[in-house]
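There are 2 protein chains.
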Amino acid sequence: MSVTAPRGFRAAGVAAGLKSTGARDVALVVNDGPTHDSASVFTSNRCQANPVLWSREVVRDGTVRAVVLNSGGANCYTGPEGFQTTHATAERVAEHLGIGAIDVVVCSTGLIGLQNDRADLLAGVDAAHAALAADGGPDAAAAIMTTDSVSKQVVVEGAGWSIGGMAKGAGMLAPQLATMLVVLTTDAVVPAADLDTALRAATRVSFDRLDSDGCMSTNDTVTVLASGASGITPPLEDFTEALTQACTDLAVQLLQDAEGADHEIAITVLNAASEDDAVEVGRSIARSNLFKAAVFGKDPNWGRVLASIGTTSAAFDPADLDVAMNGVWVCRRSTPDEDPAGVDLSGREVTVTVDLKAGDERATVWTNDLTHAYVHENSAYSS
Amino acid sequence: MSVTAPRGFRAAGVAAGLKSTGARDVALVVNDGPTHDSASVFTSNRCQANPVLWSREVVRDGTVRAVVLNSGGANCYTGPEGFQTTHATAERVAEHLGIGAIDVVVCSTGLIGLQNDRADLLAGVDAAHAALAADGGPDAAAAIMTTDSVSKQVVVEGAGWSIGGMAKGAGMLAPQLATMLVVLTTDAVVPAADLDTALRAATRVSFDRLDSDGCMSTNDTVTVLASGASGITPPLEDFTEALTQACTDLAVQLLQDAEGADHEIAITVLNAASEDDAVEVGRSIARSNLFKAAVFGKDPNWGRVLASIGTTSAAFDPADLDVAMNGVWVCRRSTPDEDPAGVDLSGREVTVTVDLKAGDERATVWTNDLTHAYVHENSAYSS
Numbered sequence: 001m002s003v004t005a006p007r008g009f010r011a012a013g014v015a016a017g018l019k020s021t022g023a024r025d026v027a028l029v030v031n032d033g034p035t036h037d038s039a040s041v042f043t044s045n046r047c048q049a050n051p052v053l054w055s056r057e058v059v060r061d062g063t064v065r066a067v068v069l070n071s072g073g074a075n076c077y078t079g080p081e082g083f084q085t086t087h088a089t090a091e092r093v094a095e096h097l098g099i100g101a102i103d104v105v106v107c108s109t110g111l112i113g114l115q116n117d118r119a120d121l122l123a124g125v126d127a128a129h130a131a132l133a134a135d136g137g138p139d140a141a142a143a144i145m146t147t148d149s150v151s152k153q154v155v156v157e158g159a160g161w162s163i164g165g166m167a168k169g170a171g172m173l174a175p176q177l178a179t180m181l182v183v184l185t186t187d188a189v190v191p192a193a194d195l196d197t198a199l200r201a202a203t204r205v206s207f208d209r210l211d212s213d214g215c216m217s218t219n220d221t222v223t224v225l226a227s228g229a230s231g232i233t234p235p236l237e238d239f240t241e242a243l244t245q246a247c248t249d250l251a252v253q254l255l256q257d258a259e260g261a262d263h264e265i266a267i268t269v270l271n272a273a274s275e276d277d278a279v280e281v282g283r284s285i286a287r288s289n290l291f292k293a294a295v296f297g298k299d300p301n302w303g304r305v306l307a308s309i310g311t312t313s314a315a316f317d318p319a320d321l322d323v324a325m326n327g328v329w330v331c332r333r334s335t336p337d338e339d340p341a342g343v344d345l346s347g348r349e350v351t352v353t354v355d356l357k358a359g360d361e362r363a364t365v366w367t368n369d370l371t372h373a374y375v376h377e378n379s380a381y382s383s
Numbered sequence: 001m002s003v004t005a006p007r008g009f010r011a012a013g014v015a016a017g018l019k020s021t022g023a024r025d026v027a028l029v030v031n032d033g034p035t036h037d038s039a040s041v042f043t044s045n046r047c048q049a050n051p052v053l054w055s056r057e058v059v060r061d062g063t064v065r066a067v068v069l070n071s072g073g074a075n076c077y078t079g080p081e082g083f084q085t086t087h088a089t090a091e092r093v094a095e096h097l098g099i100g101a102i103d104v105v106v107c108s109t110g111l112i113g114l115q116n117d118r119a120d121l122l123a124g125v126d127a128a129h130a131a132l133a134a135d136g137g138p139d140a141a142a143a144i145m146t147t148d149s150v151s152k153q154v155v156v157e158g159a160g161w162s163i164g165g166m167a168k169g170a171g172m173l174a175p176q177l178a179t180m181l182v183v184l185t186t187d188a189v190v191p192a193a194d195l196d197t198a199l200r201a202a203t204r205v206s207f208d209r210l211d212s213d214g215c216m217s218t219n220d221t222v223t224v225l226a227s228g229a230s231g232i233t234p235p236l237e238d239f240t241e242a243l244t245q246a247c248t249d250l251a252v253q254l255l256q257d258a259e260g261a262d263h264e265i266a267i268t269v270l271n272a273a274s275e276d277d278a279v280e281v282g283r284s285i286a287r288s289n290l291f292k293a294a295v296f297g298k299d300p301n302w303g304r305v306l307a308s309i310g311t312t313s314a315a316f317d318p319a320d321l322d323v324a325m326n327g328v329w330v331c332r333r334s335t336p337d338e339d340p341a342g343v344d345l346s347g348r349e350v351t352v353t354v355d356l357k358a359g360d361e362r363a364t365v366w367t368n369d370l371t372h373a374y375v376h377e378n379s380a381y382s383s
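Going down the list, the protein sequences come from chains A and B.
Just so you know, we're using the UniProt record's numbering here: the first sequence kicks off at 1 and counts up by one.
Just so you know, we're using the UniProt record's numbering here: the second sequence kicks off at 1 and counts up by one.
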């Protein structure tokens, strides 16, 4: 399962004492080849953690042989000492595998501004290497969890090849990217340049459209590794479609496990002049605390939807907007239409549909409601 | 007091049945002259309520003789019928005063997408006109409250002239403008063009820097009326300074009464390359739900401050940022410095100071923490 479903991969997840709970906190994913093609995308936050600074260099040549990940500390804003910890982690993995450290991606997650204990982390790498197994995916997925309540894994089958994936993330989920670490694996033969094309296409419509709380992390990393062990080179279109399916599945799992959320909200913007317009409008609604609190209160407050649309630069006529919630068109031509009392918000899934009447493009952005539990979890996280 | 402190003004606030509680909900402020100069600023939201659409035309020539305001319904996205209600309201005021409706600003606040009862509203105008008094300011200030727990009033004394003001607003407070209605009065002689200059200078550093919840209203209006009744023409610089003082005082009152807030947070950005950069950085921190929830939890989580700074386009070196909370420099050169345990967040007032080390400009942005009470109030507002 998970990242070890495709052939050519081993993985492990062990407890190294970085988490005070004693839970698994170091994961290792190794690509045994024969190919070692890879592609990655990172957070667009300008404040980036040490593992991101390191891994950006690692992925530059399209070759990655292993990914080592830890929870229990983000290693962000920890200065030169923190960077040395990241470097030492990659070196230790490389020593065990007989490869170069420059082919080892490092990912960390947890609190910012906290040094990880380097000795504990390196001992964790030793233990993870010793535990590497062809069915180690689930352990690895468990080891990267922070406030996640469940681990996130996916497998998508192709024609004689497959894609596996794991993800972590529950808060600080916002576009470009959500706060998350994602490792995807495939035994298809896919050259690094094609992997890059496919990954960017897949993340653009999945992780990049997830906006749980508008907060963007310093540590986000998505890496895809191709082992080529199936010997099959799928058409790029097929591979991209399967990778998009895997990323969307993981994105929805992240959404469903978002900290303290009561509702998953899918905001679809129709008939926009451009896809960018559709995404901008969807995102502005997804970031309205007032709207998100209303959904928590099961209140179909479409006025807050219109107020959010009005803050964007998208093309539309303010006097001719239609809005539906769960299929009930509560607003047409910017005036009240069907009775909001007909909108049933008792279930977890909520759809908001906005018709901009300005073109032919569309996009869906996902978010959660704003709840007491969100405030509770995020006011108590580090204390 | 309030808008009736300067000479030349009468005001009233009455109950017209628009609020189900029976509280005052219609306010009227009349400028008896001899001058009727005015200036206004409105929400920059592209979705604008009917009173805003009307009042934008009213203020165009710099002459305003009265402002009529109602709570109990925003008259936004209520279509042509709603616009006619606004127009009828202005006409009724004009009839009573023997003036033209085109000199009457109309402001409404409350739920979006709800028709106000026109008969109730017009009867309220009749009652408000009958109740007009030279000491009616406090009643008017009470009549514009919605979720406000207290009315907001201010008086600033000049040399033989004064400025009075009232404001409402407790949620949907975000820049350009906060959700609020503000009426300012003065008995100074100030031509409309100078009033406009002074008002824009004053709001730029007061209401525009208040960002309680990142949500921008459809109804915001700030209007200043000059009666000239003192006969004194102050230097524009003096008047602007006094008007800025009045607006800042009202902005802080709005901040202190923000829905459900436990803390007032002043974010000061130092040594920015431009004032715009300083405001952008301050606003990005003010909009971080994670940071605001941490303050509610009395957790000096400076990592969330850095993560917010990183989402901006301001000039800075990500490896050389300093951050203080309540005067304790918890982060210097982007690494941990003084012990966060020394940051006492038990009081209501919190300061965050960011040193960008990129220039000489600075700005302060105000916000609140994100609390259980905020979620509660905004999930239950319309139900």
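The C-beta atom is built at its ideal place from N, Cα and C for all residues, glycine as well.
* Candidates A:Glu349, A:Asp322, A:Gly347 and A:Ala202: which alpha carbon is nearest glutamate 338 (chain A)'s? -> Stepping through the first sequence from its first residue, residue 338 (chain A) is reached at position 338. It is A:Asp322.
* Beta-carbon proximity check, asparagine 326 (chain A) vs valine 350 (chain A), cutoff 8 Å -> For the purposes of this step, residue 326 (chain A) is identified with residue 326 of the first sequence, where counting begins at 1. For the purposes of this step, residue 350 (chain A) is identified with residue 350 of the first sequence, where counting begins at 1. Taking 8 Å as the Cβ cut-off, asparagine 326 (chain A) and valine 350 (chain A) qualify as a contacting pair.
* If you drop the 5 nearest sequence neighbours on each side, which residues of the same chain put their C-beta closer than 6 Å to that of residue 392 (chain B)? -> Chain B is shown from 1 up to 383; residue 392 (chain B) falls before or after that span and cannot be answered.
* Asked: When DSSP labels each residue in this structure, what does serine 149 (chain B) get in the three-state scheme?
  -> Start at 1 with the first residue of the second sequence, and residue 149 (chain B) comes out as number 149. In this structure, serine 149 (chain B) counts as coil in the three-state DSSP scheme.
* To do: Determine the DSSP secondary structure at glutamine 176 (chain B), reduced to helix, strand or coil.
  => In the second sequence, the residue the question calls residue 176 (chain B) occupies position 176. Only weak support is given to the placement of glutamine 176 (chain B): the predicted model assigns it a pLDDT of 42, under 50, and the value that follows is read from those uncertain coordinates. In the structure shown, glutamine 176 (chain B) sits in coil (DSSP, three-state: anything other than H, G, I, E or B).
* To do: Could you check which residue in B:Asp320, B:Asp299 and B:Leu290 has the C-alpha nearest to that of serine 308 (chain B)?
  => On the second sequence, residue 308 (chain B) is found 308 positions in, with the first residue counted as 1. Ranking B:Asp320, B:Asp299 and B:Leu290 by Cα distance to serine 308 (chain B) puts B:Leu290 first.
* **Contact with chain B by threonine 371 (chain A), beta-carbon distance below 8 Å** => Residue numbering aside, residue 371 (chain A) sits at position 371 when the first sequence is read from its first letter. Cβ-Cβ to chain B under 8 Å: yes for threonine 371 (chain A).
* Members of the stretch 99–111 of chain B near chain A, C-beta cut-off 9 Å -> Leu111
* Indicate whether at least one CB of chain A lies closer than 8 Å to the CB of tryptophan 366 (chain B). => For the purposes of this step, residue 366 (chain B) is taken as the residue at position 366 of the second sequence. So, not an interface residue.
* To do: Pick helix, strand or coil for threonine 223 (chain A), following the three-state DSSP scheme.
  => Here residue 223 (chain A) corresponds to residue number 223 of the first sequence, with the count starting at 1. In this structure, threonine 223 (chain A) counts as strand in the three-state DSSP scheme.
* Asked: Taking Cβ positions, are glycine 310 (chain B) and cysteine 47 (chain A) nearer each other than 8 Å?
  -> Locating residue 310 (chain B) in the second sequence gives position 310, where the first residue counts as 1. Locating residue 47 (chain A) in the first sequence gives position 47, where the first residue counts as 1. Yes, the Cβ-Cβ distance between glycine 310 (chain B) and cysteine 47 (chain A) is below 8 Å.
* DSSP-derived helix/strand/coil call for cysteine 47 (chain B) -> Reading the second sequence from its first residue, position 47 is the one you call residue 47 (chain B). If DSSP states are grouped into helix, strand and coil, cysteine 47 (chain B) belongs with coil.
* Asked: With 16 as the cutoff for other CB atoms within 10 Å, does proline 6 (chain A) come out buried or exposed?
  -> Your numbering for residue 6 (chain A) matches position 6 in the first sequence. Buried is the call here.
* Select from the stretch 222–253 of chain B all residues with a C-beta closer than 8 Å to any C-beta belonging to chain A, and list them in chain order. => none
* In this structure, what does DSSP give as the bridge partners for proline 336 (chain B)? -> One-based indexing of the second sequence puts residue 336 (chain B) at position 336. BP columns for proline 336 (chain B) point to B:Cys331.
* Asked: Start and end of the beta strand (DSSP E) containing glutamate 361 (chain B)?
  -> For the purposes of this step, residue 361 (chain B) is identified with residue 361 of the second sequence, where counting begins at 1. Element bounds for glutamate 361 (chain B): 361–368.
* Expressed to the nearest angstrom, what Euclidean distance is found between the alpha-carbon atoms of isoleucine 285 (chain B) and proline 34 (chain B)? -> Indexing the second sequence from 1 puts residue 285 (chain B) at position 285. Indexing the second sequence from 1 puts residue 34 (chain B) at position 34. Straight-line Cα distance between these residues: approximately 46 Å.
* Asked: Does isoleucine 285 (chain B) have its Cβ less than 8 Å from a Cβ in chain A?
  -> As a working mapping, residue 285 (chain B) is identified with position 285 in the second sequence. No, isoleucine 285 (chain B) does not count as interfacial toward chain A.
* Asked: Should glutamine 48 (chain A) be flagged as near chain B, meaning a C-beta pair shorter than 8 Å?
  -> Numbered from 1 along the first sequence, position 48 holds the residue referred to as residue 48 (chain A). Yes, its Cβ sits closer than 8 Å to a Cβ of chain B.
* Burial state of glutamine 153 (chain B) (16 or more Cβ within 10 Å) -> One-based indexing of the second sequence puts residue 153 (chain B) at position 153. Flag for glutamine 153 (chain B) reads buried.
* Are any of the Cβ atoms in chain B nearer than 8 Å to that of methionine 180 (chain A)? -> Looking up residue 180 (chain A) in the first sequence gives position 180. Output row for methionine 180 (chain A): interface = no.
* To do: Report yes or no: do three or more beta-carbon pairs, one from the stretch 111–124 of chain B and one from the stretch 76–95 of chain B, lie closer than 8 Å?
  => yes
* Beta-carbon neighbours of proline 318 (chain B), restricted to chain A and to distances below 8 Å -> Within the second sequence, residue 318 (chain B) is the residue found at index 318, counting from 1. The answer, in chain order, is Arg46, Cys47 and Gln48.
* Report the residue ranges of all alpha helix (DSSP H) runs contained in full by the stretch 283–319 of chain A; include only those spanning at least 4 residues, in chain order. => 289–296 and 302–309
* To do: Give me the Cβ distance between alanine 273 (chain A) and alanine 315 (chain A), rounded to the nearest whole Å; I'm assuming they're in contact under 8 Å.
  => Working through the first sequence from its first residue, we reach residue 273 (chain A) at position 273. Working through the first sequence from its first residue, we reach residue 315 (chain A) at position 315. Contact flag correct, Cβ pair sits at about 4 Å.
* Between the Cα of aspartate 61 (chain A) and the Cα atoms of A:Ser40, A:Thr85, A:Val182 and A:Val68, which residue gives the shortest distance? -> Taking the first sequence and counting its residues from 1, the one referred to as residue 61 (chain A) is at position 61. Aspartate 61 (chain A) has its Cα closest to that of A:Ser40, out of A:Ser40, A:Thr85, A:Val182 and A:Val68.
* How long is the line joining the alpha carbons of leucine 28 (chain A) and serine 71 (chain A), rounded to whole angstroms? -> Here residue 28 (chain A) refers to the residue found at position 28 when the first sequence is read from its first residue. Here residue 71 (chain A) refers to the residue found at position 71 when the first sequence is read from its first residue. C-alpha separation (whole angstroms): 12 Å.
* So, using beta-carbon positions, are asparagine 116 (chain B) and glutamate 259 (chain B) closer together than 8 Å? -> As a first step, residue 116 (chain B) is located in the second sequence; it is residue number 116 there, counting from the start. As a first step, residue 259 (chain B) is located in the second sequence; it is residue number 259 there, counting from the start. No, Cβ-Cβ distance for asparagine 116 (chain B) and glutamate 259 (chain B) is not below 8 Å.
* the stretch 216–230 of chain A contacting the stretch 185–199 of chain A, beta-carbon criterion three pairs below 8 Å -> yes
* Any chance the CB of glutamate 157 (chain A) is under 7 Å from a heavy atom of the ligand GTP? -> Among the components modelled here there is no ligand, and therefore nothing to report on the ligand GTP.
* Counting only beta-carbon atoms, is serine 162 (chain B) nearer than 8 Å to chain A? -> Here residue 162 (chain B) refers to the residue found at position 162 of the second sequence. No, serine 162 (chain B) lies away from the interface with chain A (no Cβ there is under 8 Å from its Cβ).
* To do: Pull up the distance between the alpha-carbon of residue 454 (chain A) and that of aspartate 360 (chain B), whole angstroms please.
  => Past the edges of chain A, shown from 1 to 383, lies residue 454 (chain A), and the structure says nothing about it.
* To do: Closer than 9 Å by beta-carbon distance: list the chain A residues that pair up with residue 419 (chain B), in chain order.
  => Since the first residue shown for chain B is 1 and the last is 383, residue 419 (chain B) is missing from the structure and cannot be characterised.
* Asked: If you follow the alpha helix (DSSP H) that cysteine 76 (chain A) is part of, which residue opens it and which one closes it?
  -> The residue labelled residue 76 (chain A) in the question sits at position 76 within the first sequence. Taken as a continuous stretch (DSSP letters only), cysteine 76 (chain A) belongs to no alpha helix (DSSP H), as it is neither H nor E.
* Determine the direct distance from the alpha carbon of valine 222 (chain B) to that of arginine 262 (chain A), and round the result to whole angstroms. => Taking the first residue of the first sequence as position 1, residue 262 (chain A) is located at position 262. Taking the first residue of the second sequence as position 1, residue 222 (chain B) is located at position 222. Strictly speaking, residue 262 (chain A) in this sequence is aspartate, with arginine absent from that position. Roughly 38 Å separates the two Cα atoms.
* Which stretch, first to last residue, makes up the beta strand (DSSP E) that contains threonine 203 (chain A)? -> If you number the first sequence from 1, residue 203 (chain A) lands on position 203. Here threonine 203 (chain A) belongs to no beta strand (DSSP E); instead the alpha helix (DSSP H) covers 192–204.
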